[in-house]
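No gaps in the numbering here: position 147 of the sequence shown is 780 in my numbering, and each next residue is one more.
Notes follow once the structure below has been shown.
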Amino acid sequence: MKPFQGKTLSWQLLDGAIELLLDRAPCNEIGSATLGELEQFVMALSGSQTDAHALIISSARTEGFCAGADLRELYRESQKLPANLRASQLRSFIERTHRVMNFLDAAPLTTIAAVHGVTFGGGFELALTCDLMIADKMARFCFPELRLGLIPGFGGIPRLKRDLGNAVVRDLLLTGRSINATKAQAIGLVSQIVAEGDALHVARSTAAQLKKFDRKTAIAAKKFIKPIPSDELRHEIEIFCELFARPAVETGLRKFVESKDALPYLP
Numbered sequence: 634m635k636p637f638q639g640k641t642l643s644w645q646l647l648d649g650a651i652e653l654l655l656d657r658a659p660c661n662e663i664g665s666a667t668l669g670e671l672e673q674f675v676m677a678l679s680g681s682q683t684d685a686h687a688l689i690i691s692s693a694r695t696e697g698f699c700a701g702a703d704l705r706e707l708y709r710e711s712q713k714l715p716a717n718l719r720a721s722q723l724r725s726f727i728e729r730t731h732r733v734m735n736f737l738d739a740a741p742l743t744t745i746a747a748v749h750g751v752t753f754g755g756g757f758e759l760a761l762t763c764d765l766m767i768a769d770k771m772a773r774f775c776f777p778e779l780r781l782g783l784i785p786g787f788g789g790i791p792r793l794k795r796d797l798g799n800a801v802v803r804d805l806l807l808t809g810r811s812i813n814a815t816k817a818q819a820i821g822l823v824s825q826i827v828a829e830g831d832a833l834h835v836a837r838s839t840a841a842q843l844k845k846f847d848r849k850t851a852i853a854a855k856k857f858i859k860p861i862p863s864d865e866l867r868h869e870i871e872i873f874c875e876l877f878a879r880p881a882v883e884t885g886l887r888k889f890v891e892s893k894d895a896l897p898y899l900p
């Protein structure tokens with residue numbers, strides 16, 4: 634797999650592990666540019682014959698792993714279109730994102746999210762596609778979408794339901810509050826907590842450990858223990874698109890876009 638350096642992310646093969654590095658200011662918001670490069674990554678990975686046994690997703694931004702969808706872009710682009718075309722544009726973006734997330738979820742590699750700082754919304758959903766999550770002690774997790782009249786739209790709730798109890802899912806979804814790395818480990822979301830700034834280093838050490846095992850066996854084990862909740866994921870798309878069309882959501886997004894706060898997504 635050839636190295637790649639894009640405008641929002643990069644990847645390289647290092648010691649048998651593919652490292653996907655997010656790097657878009659201010660905090661890796663997932664908009665059209667990032668989605669396009671994630672699609673390039675998926676195509677490169679699916680079309681390559683590689684001896685890689687692991688995939689590590691991390692962030693170069695000091696602010697955190699990923700703040701979620703680029704809501705400013707999503708709102709501004711939708712406002713450029715006639716009302717009758719906005720729904721189809723939104724659905725296309727969400728369906729493309731789901732295809733990327735579903736590929737990462739089922740990738741024939743052991744996948745590791747090395748997270749720190751802000752891991753919110755779509756960024757949280759991206760981390761949830763990974764088999765293992767390693768968090769530095771300053772990581773925080775949150776689904777803030779309800780404040781805008783929405784639900785998470787990148788597949789996060791079905792994946793969280795698969796991995797954790799419904800009580801935890803309801804708490805995160807309905808309260809919109811964030812949890813720290815310690816709480817995330819206690820509920821079974823995070824596999825390891827590490828010192829501030831050490832998440833990528835520990836992820837690499839973990840990937841080196843995985844290299845000792847037969848790849849085909851690891852793939853078989855992953856398929857057995859990590860089913861893709863396809864029906865619920867499709868249902869999520871329908872609910873998200875239906876909610877997005879409500880006037881209250883447009884009003885909430887406008888307030889978000891016009892906010893002067895540096896990090897308006899923080900609780």
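Note that the Cβ used here is the ideal one computed from N, Cα and C, for glycine as well.
Predicted model only: the values in this text are computed from it and were never measured.
Residues of its chain near residue i, where Cβ-Cβ distance is below 7 Å and the 5 sequence neighbours each way are ignored
i, result
"Thr752", "Gly697, Phe698, Cys699, Ala760, Ala772, Arg773, Phe774"
"Gly953", "Outside the displayed range of the chain (634 to 900) lies residue 953, so it cannot be described from this structure."
Cβ neighbours of residue i in the same chain (closer than 6 Å, five flanking residues each side left out)
i, result
"Pro862", "Pro791, Arg795"
"Ser711", "Arg719"
"Phe787", "Thr730, Met734, Gly755, Glu758"
"Pro741", "Ile852"
Extent of the continuous alpha helix (DSSP H) run through residue i
i, result
"Met771", "Run containing Met771: none; DSSP gives neither H nor E here."
"Ala817", "814–819"
"Val835", "832–843"
Contact check, residue i vs residue j, beta carbons under 8 Å
i, j, result
"Leu807", "His686", "no"
"Ala658", "Ile767", "no"
"Leu781", "Gly885", "yes"
"Ala650", "Leu704", "no"
"Arg939", "Tyr708", "There is no way to answer for residue 939, as the model of the chain reaches only from 634 to 900."
"Ile826", "Lys770", "yes"
"Val801", "Ile784", "no"
"Leu805", "Ser691", "no"
Host beta strand (DSSP E) of residue i (start-end)
i, result
"Ile663", "Ile663 -> no beta strand (DSSP E), and no H or E assigned at all."
"Thr683", "Run containing Thr683: none; DSSP gives neither H nor E here."
"Ala853", "Segment 848–858 is the alpha helix (DSSP H) holding Ala853; no beta strand (DSSP E) there."
"Leu655", "650–655"
"Thr744", "743–748"
"Ile826", "825–827"
"Arg752", "For clarity, residue 752 is Thr in the given sequence; the question names Arg instead. Start and end: 751–753."
Spatial neighbours of residue i in its chain, beta-carbon cut-off 8 Å, leaving aside the 5 residues before and after
i, result
"Asp679", "For the record, residue 679 in the displayed sequence is Ser; it is not Asp. Contacts found: Phe736."
"Met634", "Trp644, Leu646, Ile651, Ala677, Leu678, Ser681, Thr683, Ala685"
"Thr641", "Leu655, Asp656, Arg657, Asn661, Ala666, Thr667, Glu670"
"Pro900", "At Pro900, the pLDDT of 44 sits below 50, so the modelled position is not reliable and the matter cannot be decided from this model."
"Cys874", "Ala720, Leu723, Arg724, Ile727"
"Ala828", "Asp769, Lys770"
What are the complete beta strand (DSSP E) segments, minimum 3 residues, inside the stretch 690–738?
697–699
Counting Cβ pairs, one atom from each stretch, are 3 or more of them under 8 Å apart for the stretch 805–825 and the stretch 714–733?
no
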